[in-house]
Structures are given as structure tokens and as C-alpha cells.
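A.B. asks: Counting with mature numbering (1 follows the signal peptide of the UniProt record, and there is no 0), you get residues -20 to -1, 1 to 390 for the letters of the sequence shown.
Glycine included, each C-beta is placed from N, C-alpha and C at the ideal position.
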Amino acid sequence: MKSILLSGCIAAALFGCNGAGPTKEPNNMKPSNFGEDVTFLQQHLKNVVVLKNGSDSGRLVVTGDYQARVMTSTTGGDKGKSFGWINYNLVSSQQYAPHINAFGGEERFWLGPEGGQYALFFPPGKPFDFANWQTPGLIDTAHYTVTAQSENSITYQQDGTIQNYKGSAFHLQINRTIRLLNNADIVSSIGFALPAGISSVAYETDNTITNKGDSSWQEENGLLSIWLLGMFKPSDQTAIVAPFRPGPDAKQHITDDYFGKIPAQNLQLKDSLLLFRADGKSRGKLGLSPLVAKKGAGSIDLENNTLTVLLYDVVPQGRYVNSKWELQKEPFKGDAVNCYNDGPLADGTQMGPFYEVESSSDARALKAGESLRYRQTTLHFEGDRKALQVLAMQLWQLPLEDVQHFLTNK
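Structure below.
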């Protein structure tokens, strides 16, 4: 099944944009830890907020300037490793780019679908090509307003109207709360106590869209989904882990050829897991249908001894928007989970390097005043190899030796 052909930040990597486009120079400006990332963001943005829990060393930084985006987080305070990928070149340029502003950040709020007869990224009647592709300002350049704030949480709101390819207008309100979790919350989220020697940071985002129009949204006019995308730092020793529901036809619901078939050395199917190389050196993308997708996609970085996992809901029989860049036969049979590894284009340019883990809500025909709610929890763990082994087994039944073998088998 082919669904989301290109996510926005990936599509932007195919053409040059002022400040945002791909470059042969790596995106490797000076910030190297969480504190330096915060300082950098404060130098270039007006609305930067750091969330924390008392004296706990876990932190995350968010900004309303970039649509209530979680830019990065850490388990270790100002000197700790910074998990989110940030496009320093674009942020520091303080300029908007055509088509998309790929600022980075480890969780951003988007709306789907991207392409198709109900596309949000193409004007009515125009061809599905890069010249006409444009990320809507509501999820690209709008500055979201803070409506509530505490030491460990913040809530943003934004009202707006968005039009799809069919010409249907959606008047909606977006509400997004980001909450830094404490240790008890983390244990509750994963369902077991953390192994000794593991440090952690985690946050939940609670996202709603509300139909603020006078009439119900109708399937025949198009529907909206909440789309959460995370951009993280790659390494030669990092693998994306995507769990799925096994079955005789499971492979029919997994797409691995968005940019040509992913080479066998970069993708391994292991029992009910997909291992996908996340080195930022070879472009490839995975899509998992809600019929097989499971919560808990994430990654393991054996170079830095870190593990990331995302928790979200999947509705197996739900309507998931299809973002393929064409008029579609099945516009509501899209992906619930996507994973992407960045890499150079044919001309040698590259936006990243980074890798992505994405999840989407189902789409619903909301009545006037009705809301769609979608939550996701992102958890980062650091520790020695023995502690990570215990954690990987508890989460995925995945020995780290298998990950190491996959990553070294080229």
C-alpha cells in the first residue's frame, strides 16, 4: 500500500530554498549540548520556554514562534546531550523560505493530508508538483499563543482557516499542551520500573483540533488528521525500531519504496520488528498501515548509549489520510506511522543529516464544536550498555547484539 509519498521536510530536501534548502555544507554549527541549544534559540527567537521538574535534570525547550514546537530535550541539564535535530542555518537566518521552513525540532505539529484530492499542501486545481507544493502557514509560520504555563507544562492555542485541494475550508482551533513527565509518569507510561543506571527524560503532548465552523465536516469534502513529526540526530550506530503486528499479509501493509526500494543492508525485518538504519547517509522512508502499526516506534543509538521510544494510539480500523501526490483511489487508507532516514540527493546536497519518527491520528467527521484529540509521549533514555540491554528487551524483546549485527552488516 502506498500512502504518504513525501513528508514536508523530506519534500523540501528536493529543491533549493533560501536558507532552508539543501546544502553541501553540513548543518553543524557550534551548539553541542542542551544548554548551548537553549542559548542559541534565545538569541534568535522571542518566545523560548524551558520546562523542568524542580531539581530534576530532565529538561525540554519549546517555542510558540514555531507552532508550539518541542525543539529538543535532555536527561542531563544544561551540559546534557541534546536529542533534537535543529536546523541552525535556517533558524539563525531569521528568514522565511518558500515551500517549507524546516526549522527542525523533535516534535512539531502538522495537519494531514499532504497530497491527494483532499490535500492541504496544494492549491485547488494545480498539478501535484514541487512548484505548487506549499506548507500551510497555520502549521509553518504562525506564532502560537500561550494560554497557560507552569514550571513543567505549557499550553498554546491558535485559530485559523485552512483550505484543501477540493476547495473545502476548515475553520478550526488548535490547542496543544506540552508536559514534562516525572519519574512516576515515566514508569506508568512504559509499565515497568526502569533498570538501574538509566537516566531519562520524557514529555507528553496533548493535541486537539476543534471544528469552529457552523457545519459538520464531511468525508466527501475531505477530513483532517493530526500529524506529529520528530527530527533526531543520526549516527553510524543508530537504528530506528518500528514494531508491527505480525501476520501472513503484514508485508502488504508496510511500504518501503517511497524513494526507491530501501537496500537490504539498511532495513531488516525481525519477527515483529523493523530495524532501519538511521545514519543520515542514505535516503529512505517506511510507512506502516494502521492495520499493522503498533505503538512504540523509536530508535537505539549504540554510539551514544541512548534509546528513544514514542507512545501513541493506533486505531486499526480508523480512517487515516493518504498523502500521496496524486488523485487517489483510497484517500483514507494512509499510514499511521512513518520513519525516515535522511541522505544526500543526486546532486550531493542535503538538508540534514537527521532521521525522523512520525505518527498520525485517524481522521474524523467532526460536528460543529466537536474536537479530535491525539496524544503522544516521547521518552529518551541514557545508560550503560547493560542497562540499555535490559530496557530494549523489556520494550521490544530486542537484544542489542542483534542491533549491533544489523548495523555492522553492510
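1. Output the boundary residues of the alpha helix (DSSP H) element that contains ASP17.
2. Helix, strand or coil for PHE386? Go by DSSP, reduced to three states.
3. To the nearest whole angstrom, what separates the beta carbons of LEU255 and ALA219, a pair I think is in contact under 8 Å?
4. With a Cβ-Cβ cutoff of 9 Å, do SER262 and ASN285 count as a contact?
5. Are the CB atoms of TYR183 and LEU40 within a distance shorter than 9 Å?
6. Leaving out five residues before and five after HIS151 in sequence, what residues of the same chain have Cβ atoms less than 7 Å from its Cβ?
7. Which residues in the same chain have their Cβ closer than 7 Å to the Cβ of VAL30, if we skip the five residues on either side of it in sequence?
8. Could you check what DSSP says for TRP113 in three-state terms: helix, strand or coil?
9. Pull up the DSSP beta-bridge partners for MET211, would you.
10. I need the DSSP call for GLY64, collapsed to helix, strand or coil.
11. Cutting at 6 Å between CB atoms, please list the residues of its own chain near GLY95, excluding the five before and the five after it.
12. Taking all protein chains shown into account, decide if ASN187 is buried (16 or more other Cβ within 10 angstroms of its Cβ) or exposed.
13. Looking at the unbroken alpha helix (DSSP H) that takes in GLN369, where does it start and where does it end?
14. Is the beta carbon of TYR98 sitting closer than 9 Å to the one on ASN201?
15. Taking ALA164 as part of the alpha helix (DSSP H), name the residues at either end of that continuous run.
16. Where do the ends of the beta strand (DSSP E) carrying TRP90 lie?
17. Quick check on this structure: which residue in LEU352, MET331, LEU160 has the alpha carbon closest to the alpha carbon of GLU205?
18. Near ARG49, which residues of its chain fall below 8 Å by C-beta distance, leaving aside the five closest residues on each side in sequence?
19. For a test of the three-state rule: what should DSSP assign to ASN321, helix, strand or coil?
20. Among all the DSSP beta bridges, which residues are the ones paired with residue 391?
21. Would you check if the distance between the CB atom of ASP342 and the CB atom of TYR300 is smaller than 9 Å?
22. On the CB-based measure, 16 or more other CB atoms within 10 Å of its CB, does HIS360 come out buried or exposed?
23. Beta-carbon within less than 6 Å of GLU5's beta-carbon, same chain only, minus the 5 sequence neighbours each way: which residues are those?
24. Starting from LEU287, trace the beta strand (DSSP E) in both directions and tell me its first and last residue.
25. Does the Cβ of ALA372 have 16 or more other Cβ atoms within 10 Å, making it buried, or fewer, making it exposed?
26. Is the number of C-beta pairs between the region 258 to 274 and the region 321 to 329 that are closer than 8 Å three or more?
27. Sorted by chain position, which residues of the same chain lie with C-beta nearer than 6 Å to TRP65's C-beta, five sequence neighbours on each side aside?
28. With DSSP as the reference, label HIS123 as helix, strand or coil.
29. Work out the CA separation of GLN153 and VAL370 for me, nearest whole Å.
30. Figure out for me which residue from LYS32, PHE386, LEU346, ASP293 has the closest Cα to the Cα of ALA244.
31. Quick one: is PRO103 buried, meaning 16 or more other Cβ sit within 10 Å of its Cβ, or exposed?
32. Buried or exposed: which applies to GLN356, given that a residue is buried once 16 or more other Cβ atoms fall within 10 Å of its Cβ?
33. Does TYR238 come out as helix, strand or coil in the three-state DSSP assignment?
34. Alpha carbon to alpha carbon, how far is SER62 from GLU283?
35. For ASP45, which residues from the same chain have a beta carbon less than 7 Å from its beta carbon, with the 5 sequence-adjacent residues on both sides left out?
36. Judging by CA-CA distance, which residue of ASP139, THR121, ASN33 is the nearest neighbour of SER133?
C.D. replies: A quick look at the data gives this:
1. 14 to 24
2. helix
3. 5 Å
4. no
5. yes
6. THR141, LYS192, GLY193
7. VAL18, ARG39, VAL41
8. coil
9. GLU336
10. strand
11. PHE108, SER303, LYS304, TRP305
12. buried
13. 365 to 376
14. yes
15. 163 to 170
16. 88 to 92
17. Looking at the sequence shown, residue 205 is not Glu but Ser. Comparing Cα positions, the closest option is LEU352.
18. VAL42, THR43, PHE83, GLY85, GLU87, ARG88, PHE89
19. strand
20. Residue 391 is absent from the structure shown; the chain starts at -20 and stops at 390.
21. yes
22. buried
23. Bear in mind that the predicted position of GLU5 carries a pLDDT of just 48, short of 50, making it unreliable; the figure below should be weighed with that in mind. Nothing meets the Cβ criterion.
24. 286 to 292
25. buried
26. yes
27. GLY84, MET211, PHE212, LYS213, PHE334
28. coil
29. 43 Å
30. PHE386
31. exposed
32. buried
33. strand
34. 14 Å
35. LEU25, LYS26, ASN27, HIS123
36. ASN33
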